[in-house]
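Top line first, the protein sequences correspond to chains W and U. Terminal number for the first sequence in our numbering: 423, no gaps in between. Terminal number for the second sequence in our numbering: 423, no gaps in between.
There are 2 protein chains.
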Amino acid sequence: MWMAKMPGSGAGGEDKPGEVDRGELEHTLRRVVQRVGRPRTATAFLEESLRSAIVAGDIPGGTALRQEAVAEIFGVSRMPVREAIRQLEAQGLVEFQPHKGAVVAAISARDAADNWAIRKALECAALEYSIPGLTEQDIMRGEEGIAEMDDETDFSRLGLLNRRFHMTLYARAQFPGMLQLIEKHLIASDRYIRFQLAALGRDKMAQDDHRAILTAAGKGDAGRACRLLASHIEDAGRRLVAWLKTREG
Amino acid sequence: MWMAKMPGSGAGGEDKPGEVDRGELEHTLRRVVQRVGRPRTATAFLEESLRSAIVAGDIPGGTALRQEAVAEIFGVSRMPVREAIRQLEAQGLVEFQPHKGAVVAAISARDAADNWAIRKALECAALEYSIPGLTEQDIMRGEEGIAEMDDETDFSRLGLLNRRFHMTLYARAQFPGMLQLIEKHLIASDRYIRFQLAALGRDKMAQDDHRAILTAAGKGDAGRACRLLASHIEDAGRRLVAWLKTREG
DNA sequence: CAATCACATATTGGATCCAATGTACATGTG
DNA sequence: CACATGTACATTGGATCCAATATGTGATTG
């Protein structure tokens, strides 16, 4: 059984400068293992775990993912690690170079700008498609989501709640692939949001935006709702990118 | 062996600009080979080949991709096949089930509607970002592209030219990730366009659309260009989806 | 002394083998 | 006869081994 022999083998923690701290990576990954549970294949399990750890910021950008190290930590061979890393590369979470290996994609102002521009385009379109189909129940769920966010103090859950709120707005759009693409980019933006939250604290204005958007959507006023959503995303993106640029420079 | 080795590839490979005469030949050779698309790894080679074959319609939707069979055809082991299939799955070109295998994603009206909705949202946004930066040279290149499409009779090249034309329109948007996403969906839509072309023949109206969009973009009239592009994509999508639905039902 | 080359080492890419899983078909039982 | 079960086969998942490639270090040579 591939998960049985987790502990024991990799205890010797040698930390060379400029490389991954094996002990720390091992520790965080083990925590993630608990959270994710065990799916049908080792590859899927690794993919879930690594993605979760990356978007949660547990593995910082720039970290090299050595196949052998990851394999030992999870108690599997290098092969499922390779396949999982391939998948993560296609999802843009790691950068990969043949014969050199994979590193966790670094957080950058450029990527953030990209992500927010894409989100703005897709989410506004999805909202427009979704509004005619929104039910009162959807609106109620949105209000509950906003209230939950008001009460939430844990930054890591805040990202999840924010994502869920946005997705409820678009839930009635007829395009499942579009929704999947949006969710993927919302997950990616979680990394950035959490980064900013940790440094600047939470942003009260976002909640006002959320309320206004939901109200407009509830009235079926697609034009107003889309304009509000556009500036909601654009403002957040602009603030984030500006802050990241000061950090980079 | 599945590919020829590069001559002299073992050397240090540092390219010093200026006087070093020796390494220049090697360097230029390497660049040429790279532009032509020399695959660095078997996995990359398989991914390219399979994607090209799927997009071109050489492998029809629904076809099961047996790892062993593909491996034999390409003269490699199953492992690079597995990794390539993983990548294709992440790109949405094949559907994958654990322990069952991969099948080429089927063409469906539903997926087409999804693809066109996503493209409309993303391409309109990209055009708006790009227009302020468009140069006269870009416009000229667009005109050349339109002319090339007028003359082209080969359907498979027509898709490439159409894609290139669209991408020139968006080339000046500062969001590389957005452009990459658009190109990915343009490639996916090639499958559908080719399908339709083969059945219905080519669509003359699209060329009029292209000219009108390019003219508006050349004048810097972003509003008009975006409206035209939106209806260009929407019309084509609607016609395609309607046609696919009659085929399915 | 600088540049280059040769060699050692670490890491990934690919091949082959074995195990696990799913499917099809035959067989037994109500 | 319908349905459950067991078994054989096909196919994929994972482990281990070997080969190819990149990188770092020290010797050599001009």
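The C-beta atom is built at its ideal place from N, Cα and C for all residues, glycine as well.
Here DSSP, grouped into helix, strand and coil, assigns F349(W) to coil. In the DSSP assignment, V278(W) forms a beta bridge with V268(W).
Look at Q261(U): its C-beta is under 7 Å from a C-beta on chain W. Within chain U, the residues F349, P350, G351 and M352 have their CB atoms less than 8 Å from the CB of D288(W), given in chain order.
In terms of Cβ geometry, Q261(W) and A264(U) form a close pair [threshold 7 Å]. E297(W) and A404(W) have their C-alpha atoms spaced approximately 8 Å apart. The C-alpha of A291(W) is placed about 29 Å away from the C-alpha of Q381(U). CA-to-CA, the gap between A283(U) and Y366(U) works out to about 10 Å. Around R256(U), the beta-carbon contacts reaching into chain W at under 8 Å are E257.
Residues of the segment 212-232 of chain W whose Cβ lies closer than 9 Å to any Cβ of chain U, in chain order: P213, R214, T215, T217 and A218. A Cβ-Cβ separation of about 13 Å leaves L335(U) out of contact with E317(U) under the 8 Å criterion.
Annotation: the continuous alpha helix (DSSP H) that includes S223(U) extends over A216 to V229. Of the residues assessed, I407(U) falls on the buried side of the cut-off, its CB having 16 or more other CB atoms within 10 angstroms. A direct Cα-to-Cα measurement between A258(W) and I259(U) gives close to 12 Å. Taking a C-beta cut-off of 9 Å against chain U, the contacting residues of the segment 272-284 of chain W are P272, H273 and R284, listed in chain order. Taking all protein chains in view, the Cβ of A279(U) is crowded by 16 or more other Cβ atoms within 10 Å, so the residue is classified as buried. In the displayed model, L403(U) falls within a helix according to three-state DSSP. Nearest to S223(W) by alpha-carbon distance, out of I305(W), I247(W) and A299(W), is I247(W). Contact between the segment 294-310 of chain U and the segment 342-354 of chain U is established, with three or more Cβ pairs separated by less than 8 Å. For H340(W), the enclosing alpha helix (DSSP H) begins and ends at F329 to Y344. By the Cβ rule, the segment 388-396 of chain W does not count as touching the segment 357-376 of chain W, because fewer than three pairs are nearer than 8 Å. For A295(W), the nearest beta carbon of chain U is closer than 7 Å to its own beta carbon. Excluding the 5 residues flanking it on each side, L308(U) has same chain C-beta neighbours closer than 7 Å at R346 and A391, in chain order. Within the same chain, G316, G319, I320, M323 and H384 come within 8 Å of F339(U) by CB-CB distance, once the 5 residues on both sides are set aside. In the structure shown, the three-state DSSP call for L239(W) is strand. Scanning its chain for C-beta atoms nearer than 7 Å, with the 5 sequence neighbours on each side dropped, one finds around G333(W) the residues D364, I367 and R368, in chain order.
For A291(W), the nearest beta carbon of chain U is closer than 7 Å to its own beta carbon. Within the same chain, Cβ atoms closer than 8 Å to the Cβ of K419(U) are found at A283, the five residues on either side in sequence being excluded. Annotated three-state conformation of E297(U) is helix, per DSSP. By the beta-carbon neighbour count (other beta carbons within 10 angstroms, threshold 16), T327(W) is exposed.
Identification of residues in the segment 231-253 of chain W having a C-beta nearer than 9 Å to some C-beta of chain U yields M253, given in sequence order.
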